[in-house]
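Our numbering puts the first residue of the sequence shown at 1, with every later residue one more than the last.
Using N, Cα and C, we set each Cβ at its ideal position, and we do this for glycine too.
Predicted, not measured: the structure shown is a model, and the values here were computed from it.
Since the structure comes first, as structure tokens, the remarks are kept for the end.
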Amino acid sequence: MLREPMAAYSEGEHPWQRGLTLMQGAINGVDCWNEKNEPGFGRTEQDEISVTNGPLSLAISSSNTWYEGDRPLMGDRRTFRLFDSHRASAVLDISLTLEARFGTVTIGGTKEAGFLGIRVNPTMNASDAGLMRNAYGATDEVGCWSLPAHWMDYFGPVGNEIAGFAVFDHSENFRYPTTWHTRGYGLFAPNCWMFKPDHVLPENEEMTFRWRVIVHVGDTDTADVANLFLDYVDGVRGEWE
Numbered sequence: 001m002l003r004e005p006m007a008a009y010s011e012g013e014h015p016w017q018r019g020l021t022l023m024q025g026a027i028n029g030v031d032c033w034n035e036k037n038e039p040g041f042g043r044t045e046q047d048e049i050s051v052t053n054g055p056l057s058l059a060i061s062s063s064n065t066w067y068e069g070d071r072p073l074m075g076d077r078r079t080f081r082l083f084d085s086h087r088a089s090a091v092l093d094i095s096l097t098l099e100a101r102f103g104t105v106t107i108g109g110t111k112e113a114g115f116l117g118i119r120v121n122p123t124m125n126a127s128d129a130g131l132m133r134n135a136y137g138a139t140d141e142v143g144c145w146s147l148p149a150h151w152m153d154y155f156g157p158v159g160n161e162i163a164g165f166a167v168f169d170h171s172e173n174f175r176y177p178t179t180w181h182t183r184g185y186g187l188f189a190p191n192c193w194m195f196k197p198d199h200v201l202p203e204n205e206e207m208t209f210r211w212r213v214i215v216h217v218g219d220t221d222t223a224d225v226a227n228l229f230l231d232y233v234d235g236v237r238g239e240w241e
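Take a look at the structure:
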């Protein structure tokens, strides 16, 4: 359901959009969204990683540092927690905590951002046979791009089935409900930064974002995405405390 990974610094279309990523295009003026091996562009390096198995879930957690060259920009802690569910093919909860451990961090107002970004399989592209739909019923890029919504669903044909991803914005996230950087060519990103003022994270402070990703069979209505979002709202405190 995701676009196949492309080689680093490939000349292909948007090669940095490799499935599911955490990126942002303006961290202290450095582009950490686009991927280029030259000054002015950043990268993220993993410092530590741990895996926790439970009876109902699998969690992968890591500590990371964002760099421009040898200069550290900020740190982060991230957790991907995968649940089995009888109401969806898979449920993935994502937590991202930004850490201003190297000084003040300025997060710029740019459309080239998520932090979360998903690049769907080309067969699902809304510019072809797929469809995107938000919590208010708006569809396609013209109805969804740059507009706020509590959730967004992107679905289309995959093999012999219709399948999709729904992304839910957490009610405690900055600038909730988020605006969306969604494109007909397959990009799907909750982006609270686009056309907004820069945000300053003071030294030694933190900022946390949370999202739920639902992998489902069928379209938005068949998968009951609206009610799955209500489940997230009702149950989110218990899951994350």
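Beta-carbon spacing of residue i, residue j below 7 Å
i: Ile107; j: Phe80; result: no
i: Gly75; j: Glu112; result: no
i: Leu73; j: Ile27; result: yes
i: Pro197; j: Gly109; result: yes
i: Leu58; j: Val213; result: no
i: Gly164; j: His216; result: yes
i: Val225; j: Asp169; result: no
i: Trp66; j: Thr52; result: no
i: Trp33; j: Gly40; result: no
When the options are compared against residue i, the one with the closest alpha-carbon
i: Asp70; options: Ser63, Asn37 and Tyr136; result: Asn37
i: Gly218; options: Thr208, Met124 and Ile27; result: Met124
i: Cys192; options: Glu205, Pro202, Gly184 and Phe174; result: Phe174
i: Ile49; options: Arg77, Glu112 and Met23; result: Arg77
i: Asn64; options: Gln46, Pro55 and Pro72; result: Gln46
i: Thr139; options: Arg43, Trp180 and Tyr176; result: Trp180
i: Glu68; options: Val225, Gly143, Asp31 and Asp93; result: Asp31
i: Ala90; options: Val51, Glu161, Arg101 and Leu56; result: Leu56
i: Ala126; options: Thr182, Val225 and Asp169; result: Thr182
i: Phe102; options: Asp84, Glu203, Thr52 and Leu22; result: Glu203
i: Glu141; options: Pro177, Glu172 and Tyr185; result: Tyr185
i: Gly235; options: Ala149, Ser171 and Glu205; result: Ser171
i: Ser146; options: Phe195, Phe229, Thr44 and Leu20; result: Phe195
i: Tyr122; options: Trp211, Gly19, Pro177 and Phe41; result: Here residue 122 turns out to be Pro, not Tyr, going by the sequence shown. Looking at the Cα atoms, Gly19 is the closest of the given residues.
i: Val105; options: Gly29, Ala135 and Ile162; result: Gly29
i: Leu228; options: Thr208, His150 and His199; result: His150
i: Ile94; options: Leu230, Thr208 and Thr220; result: Thr208
i: Leu82; options: Met132, Gly143, Trp211 and Pro39; result: Trp211
i: Val233; options: Glu161, Tyr176, Gly156 and Glu35; result: Tyr176
i: Cys144; options: Pro190, Asn160 and Leu230; result: Pro190
i: Ile162; options: Gly137, Gly54, Asp231 and Leu131; result: Leu131
i: Thr178; options: His199, Pro148, Glu205 and Gly42; result: Pro148
Residue range of the unbroken alpha helix (DSSP H) whose run includes residue i
i: Val142; result: Asp140 to Cys144
Integer-rounded CB distance, given that residue j should sit under 8 Å from residue i
i: Phe188; j: Val158; result: Wrong, their Cβ atoms sit about 14 Å apart, outside the cutoff.
i: Leu22; j: Leu116; result: 6 Å
i: Ala223; j: Ala129; result: Actually they do not touch by this definition, with Cβ atoms about 17 Å apart.
i: Glu133; j: Thr220; result: Looking at the sequence shown, residue 133 is not Glu but Arg. The Cβ separation is near 5 Å, so the contact holds.
Residue range of the unbroken beta strand (DSSP E) whose run includes residue i
i: Gly25; result: Leu20 to Ile27
The ligand COA heavy atom lying under 6 Å from the CB of residue i
i: Asp47; result: Among the components of this structure there are no ligands whatsoever, and the ligand COA is therefore not found.
Discussion item. Threshold first: 3 residues or longer. Then list the beta strand (DSSP E) segments lying entirely within the segment 169-239, N to C.
Written reply: 180-182, 187-190, 199-201 and 206-217
Fill in: Complete runs of the alpha helix (DSSP H) confined to the segment 36-70 [at least 4 residues]
none
Practice prompt. Return the chain-ordered ranges of every alpha helix (DSSP H) run that is complete within the segment 74-152 and spans a minimum of 4 residues.
Written response: 140-144
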